[in-house]
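J.: From first to last, the protein sequence lines stand for chains A and B. Note that the first sequence covers residues 0 to 115 in numbering that gives the first Met the number 0. Note that the second sequence covers residues 0 to 115 in numbering that gives the first Met the number 0.
There are 2 protein chains.
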Amino acid sequence: MNHLGIQHIVEFYRCSRSIISDGKQVEKVTLEAARLANATIIESIFHKFSPQGISGVILIAESHLTIHTWPEHCYAAVDFFSCGVLDHKAAIAHMQKEFEAVKRSIETFKRGDLKE
Amino acid sequence: MNHLGIQHIVEFYRCSRSIISDGKQVEKVTLEAARLANATIIESIFHKFSPQGISGVILIAESHLTIHTWPEHCYAAVDFFSCGVLDHKAAIAHMQKEFEAVKRSIETFKRGDLKE
């Protein structure tokens with residue numbers, strides 16, 4: 000292994016506006032995504048903005064999972080950074096399904112080059 | 000503007016091992032970095048792992064600033080995601096200086112394509 004972690008930057012487009020506006024729902028789905036990935040949740044913060052938008056950061060033993068939603072654009076931004084072997088595919092698939100995202104894009108990066 | 004946010008993925012290499020092992024110091028420097036960027040801090044979580052390593056997530060009104068340190072590799076991983084006009088350069092320069100990082104790399108991404 001030449002890197003310390005892996006990061007998935009996920010864009011969910013054309014989500015259900017009502018679901019990603021709902022603070023309780025976004026929190027429940029994102030925490031469940033962390034559990035489905037087999038992450039160890041340490042603590043989380045979720046916040047509802049006025050007039051709209053939800054942000055959440057979950058600190059996990061393996062790094063973090065974050066979400067920010069823009070209901071006015073039916074868009075949600077997710078970052079999943081892990082330094083262990085987690086099932087990120089299960090987490091991302093769960094969020095896509097629950098947010099009813101029609102389109103998704105993922106970029107993946109290696110973090111912490113051990114040769115540096 | 001065609002995007003909703005901008006994200007900086009920062010790698011700090013060859014940091015001071017003692018500084019990035021110190022939970023209080025990492026928290027202080029990272030919160031100060033958010034302030035220097037003119038971010039609005041909503042809430043933060045910092046956690047010290049055993050035997051080593053610090054993780055912190057700061058939820059800001061403009062999205063998030065996160066840090067994870069690996070003192071054993073003198074490495075710190077920083078993510079700065081913002082949907083407003085923040086002074087990310089000031090934040091990153093502050094962290095580099097305070098962590099005494101000899102090498103830094105930054106990758107920048109646009110998030111939330113409004114054409115999608």
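We treat Cβ as the ideally placed atom computed from N, Cα and C, and that holds for glycine. Quantities reported herein were computed from a predicted structural model and do not represent experimental measurements.
1) Which partner residues of A/Leu64 appear in the DSSP bridge assignment?
2) Inspect the beta-carbon positions of A/Val9 and A/Ser104 and report whether they are closer than 9 Å.
3) For A/Leu58 and B/Ile44, which I take to be in contact (beta-carbon distance under 8 Å), what is that distance rounded to the nearest angstrom?
4) Quick check: the Cα distance between A/Lys114 and B/Arg16, rounded to an integer number of angstroms?
5) At a Cβ threshold of 9 Å, is B/Gly83 touching chain A?
6) Using the rule of at least 16 other Cβ atoms within 10 Å of the residue's Cβ for burial, across every protein chain shown, is B/Arg34 buried or exposed?
7) Output the boundary residues of the alpha helix (DSSP H) element that contains B/Glu31.
8) Measure the alpha-carbon distance for A/Thr39 versus A/Val84 and round it to whole angstroms.
9) For B/Ile5, list the residues DSSP reports as bridge partners.
10) Report the rounded CA-to-CA distance for A/Gln6 versus A/Pro50, giving the unit in angstroms.
11) Identify each residue in the segment 40-62 of chain A for which the Cβ-Cβ distance to at least one residue of chain B is less than 7 Å, and report them in chain order.
T.: Reading it off the structure:
1) A/Ile57, A/Phe79
2) yes
3) 5 Å
4) 17 Å
5) no
6) Exposed, since its Cβ has fewer than 16 Cβ neighbours within 10 Å.
7) From DSSP, the alpha helix (DSSP H) with B/Glu31 extends over 22-35.
8) A/Thr39 and A/Val84 have their C-alpha atoms spaced approximately 12 Å apart.
9) Paired residue(s): B/Ser81, B/Lys109.
10) 30 Å
11) Ile41, Glu42, Ile44, His46, Ser54, Val56, Leu58, Ser62
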